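First comes the structure, then the notes that go with it.
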Amino acid sequence: MASKNRLVAENEKKVTGLIAFAQSLDKRVQNVINASSTPDPDLAPTLQTHIAALPLKPSSALAARVKTLDALGTALWNAATRARRTEAAPATARPALALLRVFAALLLDAACGSSGSGEHEARDLRVRVMRVSLKAAKACVEEGLLETCLRVLERAAFYEEVLGRERDPDVGEVVGRLRADYFALRMTLAWKQSKLHTADLFFGKVDLDPARLGAGTAEMLTDTFYEIGKDMLNKHRHEDAVKWLDRAYSVIGERDMEELGNDAVELRQSTMHHLIRALLRQDDHDAKEKAKVLLDLLALDHGDKMVVSLLQLEQLSAEPKPDPGQYYGAVERMMRSIHLTETNFKTIMHHVHKLKNLSPELAAKALDNFLDLRLFENRNSEWIEKVTVTHVWVSIANWDGDQSPEPLRELLDTVQQNMHGAFSVAATHAAQTLLWKRIESTYSQSQFNAAEAWCRLSLHPLFEKAGELNKAKVARKTILCALARHDYVTARKVYFDMSDAGKAAPMTRYLMYKVALRQDDPDLASECLDAVCKQTTQDVTLLYACVMEAQQAGNKSQAVVALQKVLEKYNYAAPQGVHLPALLRCMARLLLAELGTADNVNENVAEELVKLFEGAARQAKLQKRRTKEQSAPLFSEKELDWFSRNSYNISLKYCATLHPSHLLQLLEACIALISLFQEATTGDNEQSTAALPAPLTHRLLLTHYLAASTALVLARSADSIPVSHGAYHTLCHHADAFCERLPSFLRTSDLAELSVSARADLRAKRAQLLRYGLEAALKARDWDSMDRLFEDCFAYDTGTGATDSAAHVRDEDVPQFRHHLETLADLALVIHAEMAKEGPGSASASPTHRKRVLSVLQKIVNASWQRGGSGVVGADVVRLARWIRCLFQLSLDTDEETALQCMDHAIEVAGSPKKGRGSDNAAIAATAYPRDELEWLATTAFNRGVDAFCAGDDARCRMWAERALEVAARVSDGGALHKVLEEKYSGLRWES
């Protein structure tokens, strides 16, 4: 008894709590409806908890509150219904409202199960509860609350079973519809839970007899089957899709169209549409045949619908070999009938692309019709552009190589007339990209006329927004086509029609350089070459191309100019990947071909040639620094030898006609290259030529000599004193280098190939350079350095060591030494005269300096007389006499001792006194000391003695007079002068 009371109490408590919770929901539902209220996050979980506790077992407590439960269930159901219909209810509240419907339905279920109503009343309650349960279940399916849906359907299953036994014809239709709704929901739930086998079980329980199936029920079942079948189709489960869509079509397809509402008609059409699609995707002949039959039926009722056309196209595509004509017809019908939207436009274009694979001609025709019939009237420029670009694509893809692009030009003209404006940038780019591929294709096949026609089409006014770069690119291709056809007039016309930016492009200038070469237009060629060089940064490919073009055209002068631009651009270096020595050698050969003959040199070319060898030397030096640790430097020994040898040979060949400044630069470049060659062979930076082969050393010496001589020419011809002094300084540098290297060269043991005359020539050149050094010192008033120079001048025999004795001069060197002394004497006289001009008070040219010059003349006299003792005759005696006279005259007032020595030399050279007058004396007179020189010396010395006599210096008088008498005794006049002087001397009165 106690347990029974406890159970009653518990039931009472549950029912009371359920009612209390149900009563509290009204306010919470209002908060859900009111969007401005704070959301109730606990409503849905709380409803789930109470739904899980339902249904309650029948009890006296439950039976006692049937009306309360029924009233609360009804009130909550109505509140949930109103809330779902209220626009203010937020979307997030829909799951809670669905749960509220389930809770209300379960309250009504509890009230129905505990009521003690009569049979008819109970039947009506069951129908009511089943109806609301099904609606609640449908709401759960919509919100994805599948577990809750299953719970409420379990209660609906009870009522379906009870009502299924009902035999009252008055409620048979209602019950049948409710049962159909129940099974439809069970199938939907099974589908949502991916349990199609369960859905098939429930499908078997549905009574699909058209006689007993109402129109509404049929529509509801069809919608369920359709949704399941469509989902299967989207998941590519084609067999399941066909099964469920066929079930949907079986239900609604048999219905009379007049029974169906507008929604049902649309559902039937959609069902047939998806069923046909599912059948077409099955690899089965019967399925395709069935799809064709269904499609024909659909076309009878809805032939003007776009979906029918799409199905027809899909059905044609499914065939192994679709008929292009039928496909084109379906596309045409769709184009003419559909309402143009962005989606429909894309659909049409998609099928045009597929038609292009079947028949490009029909695809192009379809696009023409699309433009003419629909798009020009629509005036949607974006669609017109897309169709036109597609038309270009289709046409080009199927273009015959010999066919003219004129039809496409007519199309573009028509589009331009109807658009009243140019294409957008994107459309222009797309069209020109397609056209450019065609241009490249025809050009690569040497179809230059066709390629030019396509180029002109690519510049159609519709493509006005192509941009300067693209327009210039197409124009350049047109120029290339004209060049290939040798139509230079057309090429120039295209060039002059280009924009300024297009004309200025390096590639454009390069093409016009080719035109200028072929038209022999040097002005245009020069202009284009300058533009290419100016705008080229690091890449000199175009400049190299200009060189090649000039060479191929046979225009060597232009090739030289172009290659010179390359070298200047890189400061006589070379870009990556170019072998600089080879480039410079190529340039040197081109310049030599343009340099001219040895008698007529092109100085402009000479200047460029000089720059080239200077650049070679400079770059070789730089590369040497960069590649010290590399085993293979850029300028190898062979390369350095080539450049040094050729610069030397050019200098020798053109030394008489090249401008001295250019010649000097070329020689100095040669010297630098030889020095680099030496460093490359010795592996160090020593300046000694010992490691060099004798021929190369000989070449270096001659180069220094020629450089010094050239510097002398520049120094003497310069109008500017600083320039002249600079040239003299250069002269001294090369003269010193020659003199420094010569001794070691002459002492080497490998001189077998060096002839005696060559050695004598080198010594003569050394003497000449020393005299040049004296001239330079004279111009610079560098009196102090002259002592060393004069000493070096007498150290003539550089092979054995310095000497001031003429006896050491080799016999083969006598002619050169004779000339050397003669020139040296003249130079000494000039130097003494320049010193005398500065006056006795000059600090730079002191008496000591002048005395040193006189000692030089004394050495010249001594050296000449020493050679004279070995047979110096004729003109040598005359020169010696002149030098003795000059030295005597210059030293008479400053150094009497030297003057007396001059007289002694004259006496010694003149020989014994001349007393006879026979033929022997006449023969001697022809080769003896000149008579007038002896007479001048005798009379001058005697007068000097008279001056001393007058001054009271008897000793000096006797010294000069006696020397004068000795000289006079050697005059070949039969003793006349001696007699006169002797008489005058004897007439002098001496003091005791």
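Start counting the sequence shown at 1; every next residue gets the next number (our numbering). Where is the CB? At the ideal position from N, CA and C, for every residue including glycine. In this text the structure is predicted, and so the values were computed from the model without any measurement.
Separation of residue j from residue i, as counted between CA atoms
{"i": "K386", "j": "G229", "result": "36 Å"}
{"i": "A501", "j": "L371", "result": "36 Å"}
{"i": "E377", "j": "Q417", "result": "13 Å"}
{"i": "H353", "j": "L590", "result": "60 Å"}
{"i": "V392", "j": "T490", "result": "27 Å"}
{"i": "T347", "j": "R336", "result": "13 Å"}
{"i": "R128", "j": "A71", "result": "14 Å"}
{"i": "Y226", "j": "F203", "result": "13 Å"}
{"i": "S458", "j": "E410", "result": "13 Å"}
{"i": "R716", "j": "D530", "result": "39 Å"}
{"i": "L965", "j": "L988", "result": "14 Å"}
{"i": "G284", "j": "L233", "result": "Gly is not the amino acid found at residue 284; the sequence shown has Asp there. Taking the straight line joining both Cα atoms gives about 16 Å."}
{"i": "Q447", "j": "T478", "result": "12 Å"}
{"i": "N357", "j": "L311", "result": "19 Å"}
{"i": "V494", "j": "P506", "result": "16 Å"}
{"i": "N369", "j": "S395", "result": "15 Å"}
{"i": "L673", "j": "A777", "result": "29 Å"}
{"i": "R268", "j": "H350", "result": "27 Å"}
{"i": "S424", "j": "L408", "result": "19 Å"}
{"i": "D286", "j": "A330", "result": "23 Å"}
Three-way DSSP call (helix, strand, coil) for residue i in this model
{"i": "V474", "result": "helix"}
{"i": "Y182", "result": "helix"}
{"i": "N344", "result": "helix"}
{"i": "E733", "result": "Correcting the residue type first, residue 733 is His in the shown sequence and not Glu. H733: helix per DSSP, three-state reduction."}
{"i": "K514", "result": "helix"}
{"i": "Y728", "result": "helix"}
{"i": "E319", "result": "coil"}
{"i": "R485", "result": "coil"}
{"i": "H905", "result": "helix"}
{"i": "K235", "result": "coil"}
{"i": "F423", "result": "coil"}
{"i": "V152", "result": "helix"}
{"i": "T198", "result": "helix"}
{"i": "P930", "result": "coil"}
{"i": "P581", "result": "helix"}
{"i": "T188", "result": "helix"}
Residues that DSSP places opposite residue i in a beta bridge
{"i": "V601", "result": "G596"}
The alpha helix (DSSP H) enclosing residue i, as first and last residue numbers
{"i": "D641", "result": "637-653"}
{"i": "L145", "result": "No alpha helix (DSSP H) contains L145, which DSSP labels as neither H nor E."}
{"i": "W244", "result": "238-253"}
{"i": "E877", "result": "In the sequence as displayed, the identity of residue 877 is Val instead of Glu. Note, V877: alpha helix (DSSP H), 875-891."}
{"i": "I396", "result": "381-397"}
{"i": "L411", "result": "406-419"}
{"i": "H698", "result": "694-717"}
{"i": "Y327", "result": "324-337"}
{"i": "H978", "result": "976-986"}
{"i": "K365", "result": "360-370"}
{"i": "S458", "result": "448-458"}
{"i": "K503", "result": "500-504"}
{"i": "V547", "result": "541-552"}
Residue burial classification, residue i (beta-carbon count within 10 angstroms, cutoff 16)
{"i": "P722", "result": "exposed"}
{"i": "Q552", "result": "exposed"}
{"i": "G176", "result": "buried"}
{"i": "H486", "result": "exposed"}
{"i": "L373", "result": "exposed"}
{"i": "P581", "result": "buried"}
{"i": "H274", "result": "buried"}
{"i": "H729", "result": "exposed"}
{"i": "M548", "result": "exposed"}
{"i": "V293", "result": "exposed"}
{"i": "S912", "result": "exposed"}
{"i": "P693", "result": "exposed"}
{"i": "S972", "result": "buried"}
Residue-chain proximity (residue i, chain D), Cβ-Cβ < 7 Å
{"i": "Q623", "result": "Annotation note: the requested chain D is absent from the structure, which comprises a single protein chain."}
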